[in-house]
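Student: Numbering of the sequence shown is given in my numbering, commencing with residue 110 and proceeding in unit increments. The structure under discussion is supplied below as structure tokens; questions concerning it will follow.
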Amino acid sequence: MCRELKREPSWVAAIRLAFLRGRVDVESVVEEANLVPGKERTVRDVLETMAQRGVLEETDADGAYVPGPVLLESDRYDLNFERASDGGAHRWRSTG
């Protein structure tokens, strides 16, 4: 299995948590993505990559992140993320 496919659950979980909770950390991503113990290093790497790409912004030294400019700009259409489902992003609906 390619490296990126192994990381995809972490990316999806981090984006979902950033929108729904406004805060992301390694522990919450591991829980949200239902990852097996021992994947913390991979999740930490994914969060750092997301921060480098502007998807997330690191808030402090404890490894917490908040939505970055890329995610904030993607919400410019006032999407209602309260309706986000476990079924995927395609089920999110606009409030407008």
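Glycine residues also receive a C-beta, built at the ideal position from the N, C-alpha and C atoms. Every value quoted in this text rests on a predicted model; they were computed, and no experiment measured them.
(1) Enumerate in chain order the residues of its own chain whose CB-to-CB distance from residue 142 is below 6 angstroms, with the five nearest sequence positions on each side excluded.
(2) Grouping DSSP H, G and I as helix and E and B as strand, with all else coil, what is residue 118?
(3) Quick one: residues in its chain with C-beta nearer than 7 angstroms to the C-beta of residue 149, no 5 flanking neighbours on either side, listed in chain order?
(4) If you drop the 5 nearest sequence neighbours on each side, which residues of the same chain put their C-beta closer than 8 angstroms to that of residue 173?
(5) Which residues bound the beta strand (DSSP E) around residue 165?
(6) Since I believe residue 180 is in contact with residue 164 (beta carbons under 8 angstroms), could you give me their beta-carbon distance rounded to a whole number of angstroms?
Tutor: The relevant details are as follows:
(1) Residues of the same chain with a CB within less than 6 angstroms of the CB of residue 142, apart from the 5 flanking positions on each side, are 118, 119 and 122 in chain order.
(2) In this structure, residue 118 counts as helix in the three-state DSSP scheme.
(3) Cβ neighbours of residue 149 beyond the five flanking positions: 135 and 139.
(4) Same-chain partners within the cutoff: 132, 133, 134 and 167.
(5) Per DSSP, residue 165 belongs to the beta strand (DSSP E) from 165-167.
(6) About 6 angstroms; that satisfies the 8 angstroms criterion.
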